[in-house]
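In the numbering used here, the protein residues as written are 141 to 292.
Even glycine gets a Cβ: it sits at the ideal position worked out from N, Cα and C.
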């Protein structure tokens with residue numbers, strides 16, 4: 141783009157104005173003191189078999205609609221501009237507690253966002269993080285019983 145200085149790295153000094161402030165889409169608690177206010181609450185789920193698998197490239201059209209791409213997390217230690225995600229191999233039941241302890245928001249490949257109860261068993265949620273798992277299960281059958289109404 142003309143007239144806009146860009147930097148290759150998220151923490152490049154050219155980006156210092158962005159580094160110190162929270163982004164409302166990625167940081168849910170801008171009232172927190174620095175540096176907590178710039179830690180993201182939104183992460184992609186990565187790792188083997190996920191939509192963000194390092195070994196395979198998927199286009200959005202390759203994914204089953206039920207594939208979970210992104211979730212919210214309570215306390216990531218990742219700056220909102222920093223490339224940092226959640227590896228599917230590192231998931232623990234506590235991940236479903238979410239930001240407020242009541243549950244988590246999940247973004248599916250078809251663009252739907254659901255708020256799932258903190259009572260959602262990780263074993264029921266985990267298949268939807270992988271491309272093949274999402275093809276084998278139906279979110280309406282497995283996850284709908286845990287879906288809660290949520291207003292943004």
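Please state the DSSP three-state secondary structure of residue i.
i: residue 287; result: strand
i: residue 255; result: strand
i: residue 218; result: coil
i: residue 231; result: coil
i: residue 144; result: Low per-residue confidence applies at residue 144: pLDDT is 43, beneath 50, and the placement is therefore not dependable, though the value from the model is reported in the following sentence. Three-state DSSP puts residue 144 in coil, outside helix and strand.
i: residue 265; result: helix
i: residue 187; result: coil
i: residue 247; result: strand
i: residue 272; result: helix
i: residue 153; result: helix
i: residue 202; result: helix
Please list the terminal residues of the continuous beta strand (DSSP E) segment that includes residue i.
i: residue 212; result: 208-212
i: residue 282; result: That residue, residue 282, is in no beta strand (DSSP E); its alpha helix (DSSP H) goes 279-282.
Using 8 angstroms for Cβ pairs, my map puts residue i next to residue j. What's the rounded Cβ distance?
i: residue 204; j: residue 249; result: 7 angstroms
i: residue 247; j: residue 253; result: 5 angstroms
i: residue 225; j: residue 271; result: Not confirmed; about 16 angstroms, so no contact.
i: residue 228; j: residue 269; result: 5 angstroms
Run through the DSSP bridge pairs and tell me what residue i is partnered with.
i: residue 236; result: DSSP output for residue 236 lists no bridge partner at all.
i: residue 226; result: 185
i: residue 192; result: 186
query: Are three or more beta carbon pairs between the region 191-201 and the region 233-240 nearer than 8 angstroms?
result: With a cut-off of 8 angstroms, the region 233-240 and the region 191-201 do not count as touching, because too few Cβ pairs lie within range.
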